[in-house]
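The structure appears right after this line, and notes come after that.
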Amino acid sequence: MTLSQELLEQLAEDASQEGLNDAFFTEFLSPVGNLIVVQSRSGICRVAFDDERKEDVLAQVARVIGPRILWSSELTRAVAEDLEAYFTGQVQDLAVPVDLALVASEFRRRVLQDLRNIGPGTVATYGILAEAVGAPRAARAVGTACARNPIPIVLPCHRVVPSAGGVGAYIGGCAKKRWLLEFEGAL
Amino acid sequence: MTRTLPPFALLVEEHGTQLLRHARRLAGSEAEDLLQEALLKALRSYPRLRNGDHLRAWLFRVLTTTAFDRCRKVTPLPLATVPERANDPELYDDAFGSLLEGLTDTSRAALELRFVQDLSYNQLAERLGISPEAARQRVSSAIRTLRGRIS
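Shown next as structure tokens:
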């Protein structure tokens, strides 16, 4: 951050007044590391763990949603408060609106939306999720959809595990997946 | 092939410090305010930029123009008060601003960079993303225009 937060917040505020914003982003320090959270005009469109570069994450959003992306902690306050409530155990589920603009395929969008039906503290297998979206033989494709989930944690792909046992792979690494599942009481 | 424009926030991060330094030269203690106004202005036209080339030069140009536009809005003082306040740097800026009124943005930026910021033609060329020869031409054509107007 090269300029004062006051200046950047004021810029974000003015831009929002004029509707010049494609998205706002903030950084959130969580128990599973520093998260980048990007919020478009319709909802959270991207959450990234610290193994991804901020430049790449924002560039991806710029390509699909638009380049007018600004930093603002004020205008992303609601989602930061929700994450805070989740990570301190005050709420179990994140009900924030999401924007699936970064997901190009209709099938993947369906899978990701369906993730919210897996309650905290429980898990589903890729096969079960495949059945739930009406494609019982597409467990592998469901796995891919989860692996490319642009909004992890908020869309709980960490609650999907392999039927063979174990926690399976995760975008942010399996240690984070295990932490989240233990935190939610599923393990 | 048109390149996608980079996220605006990253531009601000990359060039913010230098832009602020430039804003200080242009507006002193009002620098942050000026820069914020300029960035908002830049944001308005950002999606319409045709490609991502010379974004740094573009941001500097927007900042410089914003500063000149601000100067222009200040009501000029009556001529009689000029002599005793000639050393007032703000007044000097106003006079400079009104002298440059009506010039194109390109000409004004060239003059500002050359004579207010005292950049060499090579630095100026780098800043504007043009060749040193083109930079020299821009400055001299701006001066010609001014001469024509004064005489």
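Quick mapping for you: the protein sequence lines, in order, are chains S and Y.
The numbering used here puts the first sequence at residues 1 to 187.
The numbering used here puts the second sequence at residues 1 to 151.
We put the CB at the ideal spot given by N, CA and C, even for glycine.
An exposed status is given to Y:F115, since fewer than 16 other beta-carbon atoms sit within 10 Å of its beta-carbon.
The beta carbon of Y:T66 sits closer than 8 angstroms to the beta carbons of L34, E37, A38 and K41 from its chain, once the five residues preceding and following it are set aside; these are given in chain order.
Just so you know, the alpha carbons of S:G43 and S:R110 end up roughly 17 angstroms apart. By the rule that beta-carbons nearer than 8 angstroms mark a contact, S:S73 does not touch chain Y. For the pair Y:A110 and Y:R149, the CB atoms are not nearer than the 8 angstroms cut-off. Within its own chain, no residue has a Cβ closer than 6 angstroms to the Cβ of Y:E126 once the five positions on either side in sequence are excluded. Under the 8 angstroms criterion on CB atoms, S:D99 is classed as non-interfacial with respect to chain Y. The stretch 24-36 of chain S makes contact with the stretch 57-74 of chain S: 3 or more CB pairs, one atom from each, lie closer than 8 angstroms.
Under the three-pair Cβ rule at 8 angstroms, the stretch 102-120 of chain S counts as touching the stretch 154-166 of chain S. Taking C-alpha positions only, Y:S107 is separated from S:Q5 by approximately 33 angstroms.
Contact annotation: S:V61 and Y:P7 have beta-carbon atoms nearer than 8 angstroms. In summary, S:Q39 is buried, with 16 or more beta-carbon neighbours lying within 10 Å of its beta-carbon over all protein chains present. S:D51 sits exposed, since fewer than 16 C-beta atoms from the chains shown fall within 10 Å of its C-beta. Of the candidates S:V123, S:G134, S:P136 and S:I171, S:I171 places its Cα closest to the Cα of S:P150.
Within chain S, no residue has its CB atom less than 9 angstroms from the CB of Y:G28, the nearest being about 16 angstroms off.
Two segments are said to touch when three or more pairs of C-beta atoms, one from each, lie closer than 8 angstroms; by this definition the stretch 124-139 of chain S does not touch the stretch 77-87 of chain S. The C-beta distance from Y:T4 to S:R46 rounds to 16 angstroms, too long to fall under 8 angstroms, and the pair is not in contact.
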